[in-house]
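J.: Below is the structure I would like to discuss, written out as structure tokens.
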Amino acid sequence: MPCTLASPVAPPDGPPLDLVKAAQAGTLSAQSELIHAYQARLAGFVYAMLGRAAPVDDLCQDIFIKMLRGLPHLHSPELFEPWLFRMARNACIDHTRREKWRHIFTPFDPATDDMPIPVDAEKRDRAEALLALLQRLHPRDRSILIMAQQGLSLAEMARTCASTTTAIKTRLHRARERLRKLYEKRA
Amino acid sequence: MKNAPDPFSVWPDVEHCASAALRPNLAGRVLLRFAAPPDELSLRATLWVGLSTAAACLALTLAFQTWREHRVTGDALAQWQDLAALSSPASTDAP
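Chains as they are written, first to last, in the working numbering: chain A, 1096 to 1282; chain B, 966 to 1060.
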């Protein structure tokens, strides 16, 4: 039997359209509820993309602020989820680029050290092992794998990456194969 | 291949760690920052960058124009010198 990735965490059915529309209208409680609904998934996405815990909170803040600023201009509330993850993906890629330049000019900056996460050491070690493997993939492939794990459909991922469903399917398959091989080598 | 390990079996641990990395009351902090007036420091920085860029473009344009004028002037000078050499008595003397 071929190795298959674990089925993704059961995603919510997407936020109710009413919630998105209320948040677009500026209702504070709706905006707060929307942030609560997505903060865990967004944090998981950012953590997996960057491989470090230190920037997760700040980047999530920035992404949610961009979300609130962009909500009035979102013409299709039913496309909220791919729209949000597209912002998250672009924010992570921009952050990685900025960090690369920062490391060139300040290679011994202590701020590059990661922060300790207050969780069970075994869980942290397992998560960090997976993240180390993910960092070896191209950021594009990494983002597709993580979005698949978050429960986004192929169509939603295609919309997020401004690509076609066929291309995403091929890329996802190759990324999974590569990750599986890296995992087997490590094991 | 049959019993190949599944790397994403630990995905719940990744999400758990990510949630633990968030500081408390993310929604409250986001809404507060969203409602706050634009940061004066970032406005100043944007203005500074904009003015510096405009000044640099102006300086480059002036430098380019000066170079062009100098080149034209240099060409004209060379032509004048050639004409002067042709019309000088030494050049009109019969061999």
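Glycine residues also receive a C-beta, built at the ideal position from the N, C-alpha and C atoms.
Is the shortest distance between the beta-carbon of B:A1041 and the beta-carbons of chain A less than 8 Å?
T.: Not closer than 8 Å to any Cβ of chain A, the Cβ of B:A1041 fails to qualify, so no.
J.: Give the interface partners of B:H981 over in chain A, defined as CB-CB distance under 7 Å, in chain order.
T.: Under the 7 Å cutoff, chain A gives V1214 and K1218.
J.: Just the C-alpha distance for A:R1275 and A:G1146, rounded to the nearest angstrom, thanks.
T.: The straight-line gap from Cα to Cα measures roughly 18 Å.
J.: Nearest to A:F1175 by CA position, among A:T1260, A:T1255, A:R1266 and A:R1273, is which residue?
T.: The candidate whose alpha carbon is nearest that of A:F1175 is A:T1255.
J.: Residues of chain B with CB closer than 8 Å to the CB of A:D1236, please, in chain order.
T.: Within 8 Å Cβ-Cβ: nothing; A:D1236 doesn't reach chain B, min ~13 Å.
J.: Using 8 Å as the limit for Cβ to Cβ distance, is A:L1163 near chain B?
T.: Yes, A:L1163 counts as interfacial toward chain B.
J.: Under a Cβ-count criterion, where at least 16 other Cβ atoms within 10 Å of its own Cβ denotes burial, should A:P1150 be classed as buried or exposed?
T.: When all chains shown are included, A:P1150 counts as buried.
J.: Where do the ends of the alpha helix (DSSP H) carrying A:N1040 lie?
T.: In the structure displayed, chain A extends from 1096 to 1282; residue 1040 of chain A sits before or after that span and is not available.
J.: If you reduce the DSSP assignment to three classes, tell me which class B:S974 lands in.
T.: Correct three-state label for B:S974: helix.
J.: Answer with yes or no whether the minimum CB distance from B:F1029 to chain A is below 8 Å.
T.: By this cut-off, B:F1029 is not an interface position.
J.: So for B:A1001, helix, strand or coil by DSSP?
T.: DSSP places B:A1001 in coil when its eight states are reduced to three.
J.: Which residues in the same chain have their Cβ closer than 7 Å to the Cβ of B:Q1046, if we skip the five residues on either side of it in sequence?
T.: There are no such residues.
J.: For A:P1167, which of helix, strand or coil comes out of DSSP?
T.: Helix.
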